[in-house]
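Each remark here refers to the structure printed beneath this line.
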Amino acid sequence: MTLLLGSLQLGLLYGIMVLGIYISFRILNIPDLTTEGSFTFGLVISALIASKGHPFLGILLAVAAGAAAGIITGFLQTKCKIHPVVAGILTMSGLYSINLLVMGGSSNLTLLGSDTVFSVFEGMLSSVDKEIVRIIVAIAVAVITVVILFVFFKSHLGLAIRATGDNAEMVSASSINVDGMKITALGISNALIALCGGLITQYQSFADINSGVGILVVGLASVIIGELFFGRRSVVLGFISCFVGSIVYRYIIAIAIKSEWFPAYMLKFVSAVIVAVALAVPAIKSALKVLSIRQSSMKGGSKNA
Amino acid sequence: MLKIENASKVFAKGTPNAHTALNKINLTLAKGDFVTILGSNGAGKSTLFNAVCGNFILDEGRIILDGRDMTFMSEHRRARSIGRLFQDPMKGTAPNLTIEENLALSYSRGHHKYFGPAVGKKERQLFRERLASFDMGLEDRMQTKMGLLSGGQRQVVTLLMSTIVLPKLLLLDEHTAALDPATAEKVMNITEKIVRDNNLTTLMITHNMSSAMITGNRTIMLDSGEIILDISKEEREKMTVDDLLKKYSEKKQKQFDNDRMLLG
Chain A
235 MTLLLGSLQL GLLYGIMVLG IYISFRILNI PDLTTEGSFT FGLVISALIA SKGHPFLGIL
295 LAVAAGAAAG IITGFLQTKC KIHPVVAGIL TMSGLYSINL LVMGGSSNLT LLGSDTVFSV
355 FEGMLSSVDK EIVRIIVAIA VAVITVVILF VFFKSHLGLA IRATGDNAEM VSASSINVDG
415 MKITALGISN ALIALCGGLI TQYQSFADIN SGVGILVVGL ASVIIGELFF GRRSVVLGFI
475 SCFVGSIVYR YIIAIAIKSE WFPAYMLKFV SAVIVAVALA VPAIKSALKV LSIRQSSMKG
535 GSKNA
Chain B
58 MLKIENASKV FAKGTPNAHT ALNKINLTLA KGDFVTILGS NGAGKSTLFN AVCGNFILDE
118 GRIILDGRDM TFMSEHRRAR SIGRLFQDPM KGTAPNLTIE ENLALSYSRG HHKYFGPAVG
178 KKERQLFRER LASFDMGLED RMQTKMGLLS GGQRQVVTLL MSTIVLPKLL LLDEHTAALD
238 PATAEKVMNI TEKIVRDNNL TTLMITHNMS SAMITGNRTI MLDSGEIILD ISKEEREKMT
298 VDDLLKKYSE KKQKQFDNDR MLLG
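Here is the structure:
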């Protein structure tokens with residue numbers, strides 16, 4: 235039961251990070267490696283401020299911090315003309331030091347005894363089971379973000395961002411600043427990722443400098459799993475599929491650990507394999523198609539002879 | 058309306074591959090002028106359009122549109138007053154957005170609203186009316202993704218996109234060349250109607266000499282980055298395509314002789 239509820243909570247919370255990845259990877263069509271840095275950036279800031287007694291302010295500042303990280307990557311990509319992958323790596327790498335700085339040089343921080351957004355709501359709804367309250371908080375955050383994103387991506391600005399990932403030339407011809415759109419989108423994407431980091435640290439009452447390692451692959455895996463269920467049809471469905479993908483991913487992990495197919499430290503390897511295989515599916519499909527056409531044409535040829 | 062003064066551009070300047078794409082081009086268009094541009098591959102036709110649109114900054118010379126010096130203006134700011142169509146129908150639209158979303162994007166040109174809904178009731182009504190006027194059934198497919206349309210349909214939507222907010226200058230870069238003859242004619246008719254109805258100042262690149270001679274009110278011919286012929290409507294009416302070709306080879310011959318003299 236704990237595992238079931240725990241996975242649901244984690245799936246919902248990490249779903250917000252998946253939304254961020256979805257925006258950069260699918261909507262903007264740019265591989266953004268800032269993720270690991272911005273996730274931890276949000277995490278450490280949220281933890282620091284919460285440990286000083288302001289859990290909600292911590293979340294807010296985490297969002298702002300993530301947005302700033304995304305804007306820096308966007309600036310490097312567009313104005314400095316640095317390759318998107320390199321720009322992301324530079325920000326991520328730089329943030330590692332900044333994150334240590336935020337934590338005062340120590341590599342972890344505990345929130346035991348400090349108020350978190352979860353403990354505040356648990357206190358308010360003391361008659362309800364703690365695990366249920368945590369799920370309610372996670373669902374509330376998920377619904378609010380999806381609604382905001384939905385409205386946003388139907389607005390002029392949101393439309394321009396979607397078109398930028400689709401055909402940047404046409405956006406420029408519509409008198410819209412393409413660089414500005416990329417920077418805005420990366421800001422939003424990383425703000426969501428940092429929001430996720432901020433929530434996760436308060437959820438587990440613990441912050442670690444290495445929490446973000448491998449998070450990008452987790453996000454990509456979730457996006458891809460979500461698309462297995464919903465396909466790639468509309469933006470709203472895309473957002474919902476992020477959460478579904480994230481939750482399913484958590485259950486896969488939970489089952490794998492429980493069944494002891496492999497030790498916990500192999501998780502990242504398994505995630506990487508899942509993503510690689512899923513991304514290779516179109517190529518494998520077309521190769522199989524060519525093979526079957528060749529075989530049937532060879533058969534036909536021998537008949538004629 | 059449009060004034061190009063002494064426009065010059067050399068690509069790969071200072072290397073053995075230096076290539077003069079535009080050589081001191083002077084061109085003035087009055088409001089409502091519809092000029093067709095002829096020229097062989099590499100004559101500098103598209104380069105001229107790129108210069109006007111701001112894909113690169115000129116080495117020398119100025120570009121003035123409606124009294125505003127645009128020489129150093131950024132691409133997207135110039136786009137506010139310039140509409141452009143390419144030969145490739147894929148270039149002008151976003152394939153994963155619906156028809157109405159594509160239209161909404163170009164309809165937002167020139168105003169600075171960011172957060173309102175992009176496609177409202179009023180916009181939808183306007184798009185529907187305008188699409189219906191083309192008589193292609195597009196008005197009933199406004200929620201269809203752009204990528205599912207044929208080349209001709211996409212080109213018509215692109216045409217509407219670049220004129221839905223009236224531009225000061227319309228640039229057509231062989232916009233019917235990738236279409237089948239019947240569709241090309243249809244798109245051409247729609248183009249002429251839009252240009253006429255709105256008295257748009259227009260430049261059109263084409264490789265079809267006979268259509269160049271009857272479309273618009275003036276024809277220019279480019280060669281090696283220079284305007285070698287500039288024919289007004291009155292002159293044009295008396296000319297046949299053969300006359301045009303003769304005039305072209307005369308010019309070329311003269312240039313060739315000059316080169317020979319220099320080299321000899």
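In order, the protein sequences belong to chains A and B. Counting from 235, one number per residue, gives the positions in the first sequence under our numbering. Counting from 58, one number per residue, gives the positions in the second sequence under our numbering. The C-beta atom is built at its ideal place from N, Cα and C for all residues, glycine as well.
Identity of the residues DSSP links to residue i by a beta bridge
i, result
"histidine 76 of chain B", "B:Phe68"
"aspartate 442 of chain A", "A:Asn342"
"arginine 119 of chain B", "B:Glu62"
"valine 92 of chain B", "B:Leu260, B:Arg275"
"leucine 84 of chain B", "B:Ile61"
"proline 174 of chain B", "A:Ser389"
Member of the options whose CA lies at the smallest distance from the CA of residue i
i, options, result
"lysine 286 of chain A", "A:Ala510, A:Gln436, A:Val524, A:Ile487", "A:Gln436"
"valine 67 of chain B", "B:Ser289, B:Lys303, B:Glu117", "B:Glu117"
"valine 509 of chain A", "A:Ser531, A:Ala490, A:Tyr483, A:Leu522", "A:Tyr483"
"isoleucine 271 of chain B", "B:Arg293, B:Asp192, B:Leu160", "B:Arg293"
"asparagine 444 of chain A", "A:Ser327, A:Ser406, A:Ala296", "A:Ser327"
"isoleucine 264 of chain A", "A:Thr236, A:Asp400, A:Asn333", "A:Asp400"
"glycine 173 of chain B", "A:Leu267, A:Phe496, A:Gly392, A:Leu291", "A:Gly392"
"leucine 228 of chain B", "B:His133, B:Ser138, B:Ile121, B:Thr128", "B:Ser138"
"alanine 376 of chain A", "A:Glu270, A:Val478, A:Pro516", "A:Val478"
"serine 289 of chain B", "B:Leu302, B:Asp299, B:Arg275, B:Ser281", "B:Arg275"
"tyrosine 256 of chain A", "A:Gly446, A:Ser423, A:Val507", "A:Ser423"
"glutamine 311 of chain A", "A:Ser340, A:Thr268, A:Ile487, A:Thr236", "A:Thr268"
"glycine 254 of chain A", "A:Val319, A:Phe473, A:Gln243", "A:Phe473"
"threonine 236 of chain A", "A:Lys364, A:Arg260, A:Gly300", "A:Lys364"
"isoleucine 277 of chain B", "B:Gly194, B:Val92, B:Ala239", "B:Val92"
"histidine 232 of chain B", "B:Leu226, B:Val222, B:Gln212", "B:Gln212"
"alanine 64 of chain B", "B:Gly96, B:Ala75, B:Arg119", "B:Arg119"
"valine 297 of chain A", "A:Pro318, A:Phe309, A:Phe273, A:Ile332", "A:Phe273"
"glutamine 368 of chain A", "A:Val381, A:Thr379, A:Val351", "Note that residue 368 of chain A is arginine in the sequence shown here, rather than glutamine. It is A:Val351 whose Cα lies nearest to the Cα of arginine 368 of chain A."
"valine 451 of chain A", "A:Met251, A:Gly276, A:Leu242", "A:Met251"
"asparagine 153 of chain B", "A:Ala402, A:Ile332, A:Ile366", "A:Ala402"
"serine 219 of chain A", "A:Asn342, A:Phe309, A:Ala302, A:Cys314", "This structure does not reach residue 219 of chain A, given that chain A is present from 235 up to 539, and the question cannot be answered."
Beta-carbon neighbours of residue i, restricted to chain C and to distances below 8 Å
i, result
"histidine 264 of chain B", "Here chain C cannot be found, since the structure's protein chains are A and B."
Rounded C-alpha distance that separates residue i from residue j
i, j, result
"serine 480 of chain A", "leucine 525 of chain A", "35 Å"
"glycine 204 of chain B", "lysine 416 of chain A", "22 Å"
"leucine 183 of chain B", "glycine 421 of chain A", "34 Å"
"lysine 70 of chain B", "threonine 104 of chain B", "16 Å"
"leucine 236 of chain B", "glycine 208 of chain B", "7 Å"
"glycine 240 of chain A", "leucine 522 of chain A", "40 Å"
"leucine 246 of chain A", "leucine 454 of chain A", "15 Å"
"valine 412 of chain A", "leucine 59 of chain B", "26 Å"
"glutamate 158 of chain B", "valine 176 of chain B", "7 Å"
"valine 457 of chain A", "tyrosine 485 of chain A", "15 Å"
"aspartate 123 of chain B", "isoleucine 262 of chain B", "21 Å"
"leucine 257 of chain B", "aspartate 90 of chain B", "7 Å"
"lysine 309 of chain B", "alanine 397 of chain A", "45 Å"
"proline 289 of chain A", "asparagine 112 of chain B", "49 Å"
"glutamine 210 of chain B", "tyrosine 164 of chain B", "18 Å"
"valine 469 of chain A", "asparagine 80 of chain B", "48 Å"
"alanine 539 of chain A", "serine 408 of chain A", "Unreliable placement is indicated for alanine 539 of chain A, whose pLDDT of 46 sits below 50; no coordinate value is reported for it."
"phenylalanine 106 of chain B", "glycine 140 of chain B", "11 Å"
"glutamine 144 of chain B", "leucine 216 of chain B", "12 Å"
"tyrosine 305 of chain B", "asparagine 83 of chain B", "19 Å"
"lysine 88 of chain B", "threonine 201 of chain B", "36 Å"
"leucine 244 of chain A", "phenylalanine 129 of chain B", "52 Å"
"isoleucine 316 of chain A", "phenylalanine 259 of chain A", "18 Å"
"alanine 100 of chain B", "alanine 75 of chain B", "15 Å"
"alanine 180 of chain B", "glycine 249 of chain A", "The sequence shown places glutamate at residue 180 of chain B, rather than the alanine named in the question. Approximately 34 Å, taken between the alpha carbons."
"isoleucine 61 of chain B", "valine 252 of chain B", "21 Å"
"cysteine 476 of chain A", "serine 361 of chain A", "32 Å"
"alanine 372 of chain A", "alanine 151 of chain B", "35 Å"
Would you be able to state if there are at least three C-beta pairs under 8 Å between the stretch 497-505 of chain A and the stretch 188-198 of chain B?
no
List in chain order: all unbroken alpha helix (DSSP H) runs of 4+ residues lying wholly within the stretch 350-421 of chain A.
351-358, 364-388, 390-400, 402-407
Okay, do the stretch 271-281 of chain A and the stretch 380-394 of chain A touch, 3+ Cβ pairs below 8 Å being the bar?
no
Entirely within the stretch 190-261 of chain B and at least 4 residues each: give me those alpha helix (DSSP H) ranges in chain order.
208-220, 238-255
Okay, do the stretch 251-266 of chain A and the stretch 487-502 of chain A touch, 3+ Cβ pairs below 8 Å being the bar?
no
Note down, one range per segment and in chain order, each alpha helix (DSSP H) of at least 4 residues found wholly within the stretch 286-351 of chain A.
289-312, 318-336
Residue ranges of each alpha helix (DSSP H) run of no fewer than 4 residues wholly in the stretch 121-162 of chain B, ordered along the chain?
132-135
Counting pairs of Cβ atoms below 8 Å between the stretch 336-350 of chain A and the stretch 285-300 of chain A, do you hit three or more?
yes
In the stretch 265-306 of chain B, which residue ranges form an unbroken beta strand (DSSP E) of at least 3 residues, counting only runs that do not cross its ends?
275-280, 283-289
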